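Here is the structure we will look at, set down as structure tokens.
Protein chains in written order, with our numbering: chain A, 16 to 231; chain B, 16 to 231.
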């Protein structure tokens, strides 16, 4: 017997074509890029309080406009009849999520994936360096997606272990993940995160197939 | 012999009083809160492309204002002569960083720390649930700060292991961390992340004292 798929994992069907989806992406991606710049400028600016007040009035106007018609809760995962799957709110890769650097999937096939991202001021932990938690996040995301593609469906992270080898300077990072071992319903994925300084951290994750996909 | 402190770990001295620092916080914290709302609205809004264009013109104006006078690189860690230490760009807790939820430190003493945060649409991984990487980030931050306070100075994460017990629904989370074992220059910190559903993940981190703080 196969477990049933829980409500929270459901996908939202949208009656749009791939072409309409591309148009929608062209509307929202530039806005998210603007907001990414605003996040960084909010950290680094040195203007006076009266200028900050003026900035806030612009943001209030932007918020009023965006909230004229809005969803609630979260974005979730969407699909259409053309076979597209999109998750524009994803915290690591989301096209509409300004918290996502975003990590971009350079390749993901044959149990190996490569992701690239540029982590600026907003990703800081130790001065000038990437926050250790964001290193874990990049490794988790690359490893989880590798397991998902390899398994052909939803997997859950069981355990993730990250070893920190040296500080990771802010700037471009590359995260690689590959399936190291496959069990009946579980996968071990190894990974590494590198900058121009070399490998800064390595990861080992154990991922398990969603219960509703397991063979009985 | 003690290793020297590397350039990247340096703190920026600011000739301001605690009162002036509080005024500065009162200027920037509300702006970062506005930007957090904008991040979420950018994910959830359903307005038409012409409205998005209008939103972008407000954000462009805000960026122009903030960039009239700006720092470059990253915020770093600042100190003053009153003994205040602030890291407003920190990816987990930064008062000026809209990527930080922010996690707020409810307590941190005697080798035990408690952090609270509310993770909305921008922190999504599986539909309606917190991204596994953000769970690792919250555990890493709470554990690292606990080690830091316990050690009385900078520590580095050696290894962090996170076990995922159940999906973490978007919403309020509490992260607890405590020192489980202390060596000469290293500390083992255990942790857990909980929602109203109970404990969703546990962590074990090994933290090592910065080389320049170690006894020879």
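Idealized CB from N, CA, C, for every residue including glycine.
Please read these numbers as outputs of a predicted model, since none were measured by experiment.
| Asked | Found |
| --- | --- |
| Residue of B/227, B/28, B/166 minimising C-alpha distance to residue 203 of chain B | B/166 |
| According to DSSP, residues forming a beta bridge with residue 205 of chain A | A/193, A/219 |
| Contact between the stretch 155 to 169 of chain B and the stretch 140 to 152 of chain A (3+ Cβ pairs under 8 Å) | yes |
| Contact with chain A by residue 229 of chain B, beta-carbon distance below 8 Å | no |
| Residue 139 of chain A beta carbon less than 8 Å from that of residue 104 of chain B | yes |
| Identity of the residues DSSP links to residue 187 of chain A by a beta bridge | A/133 |
| Closer than 8 Å to chain B by CB, residue 82 of chain A | yes |
| For residue 192 of chain A, the nearest candidate out of A/118, A/218, A/179 (CA to CA) | A/218 |
| Helix, strand or coil at residue 224 of chain A according to DSSP, with G and I counted as helix | strand |
| Contacts of residue 111 of chain B in chain A (Cβ-Cβ under 8 Å) | 57, 58 |
| Residues near residue 194 of chain B in its chain [Cβ-Cβ closer than 6 Å; skip 5 each side] | 126, 165, 202, 204 |
| Contact belief for residue 120 of chain B with residue 132 of chain B at Cβ below 8 Å, rounded distance in angstroms | In fact, because the Cβ distance is near 10 Å, the residues do not count as touching under 8 Å. |
| Proximity of residue 62 of chain B and residue 84 of chain A at Cβ, strictly below 8 Å | yes |
| CA-to-CA distance, residue 142 of chain B to residue 24 of chain A, given in whole angstroms | 6 Å |
| Interfacial residues, the stretch 91 to 124 of chain A to chain B, with Cβ spacing under 9 Å | 91, 92, 102, 103, 104, 105, 106, 107, 109, 111, 112, 113, 114, 115 |
| Interfacial residues, the stretch 64 to 81 of chain B to chain A, with Cβ spacing under 8 Å | 64, 66, 67, 69, 70, 71, 73, 74, 75, 76, 77, 78, 80, 81 |
| Where residue 149 of chain B meets chain A, residues with beta-carbon distance less than 7 Å | 106, 152 |
| Between the CA atoms of residue 47 of chain A and residue 211 of chain A - distance to the nearest angstrom | 27 Å |
| Contacts of residue 244 of chain B in chain A (Cβ-Cβ under 7 Å) | Any question about residue 244 of chain B goes unanswered here, given that chain B covers just 16 to 231. |
| Min CB distance residue 146 of chain A to chain B below 8 Å | yes |
| Nearest neighbour of residue 79 of chain A, chosen from B/80, B/78, B/73, B/28 [CA to CA] | B/73 |
| Cutoff 8 Å: residue 205 of chain B Cβ touching any chain A Cβ | no |
| Cutoff 7 Å; reference residue 3 of chain B; Cβ partners in own chain excluding five residues on either side | Past the boundaries of the shown model lies residue 3 of chain B; chain B is included only from 16 to 231, so the question cannot be answered. |
| Nearest candidate by alpha-carbon position, reference residue 95 of chain A, set A/109, A/137, A/26, A/181 | A/26 |
| Backbone CA spacing between residue 97 of chain B and residue 28 of chain B [nearest angstrom] | 11 Å |
| Minimum C-alpha distance to residue 161 of chain A - residue among A/20, A/196, A/19 | A/196 |
| Helix, strand or coil at residue 62 of chain A [DSSP, three-state] | coil |
| Nearest candidate by alpha-carbon position, reference residue 34 of chain B, set B/86, B/99, B/180 | B/99 |
| Integer-rounded CB distance, given that residue 57 of chain A should sit under 8 Å from residue 50 of chain B | 5 Å |
| Contact list for the stretch 156 to 179 of chain B against chain A, Cβ threshold 9 Å | 156, 159, 169, 171, 172, 173, 174, 175, 176, 177, 178, 179 |
| CB contact below 8 Å: residue 28 of chain B versus chain A | no |
| Residue 26 of chain A - containing beta strand (DSSP E), residue span | 26 to 28 |
| Closer than 8 Å to chain A by CB, residue 186 of chain B | no |
| Beta-carbon proximity of residue 59 of chain A to residue 86 of chain B, cut-off 8 Å | yes |
| DSSP-derived helix/strand/coil call for residue 98 of chain A | coil |
| Whether residue 174 of chain A touches residue 221 of chain A by CB criterion (8 Å) | yes |
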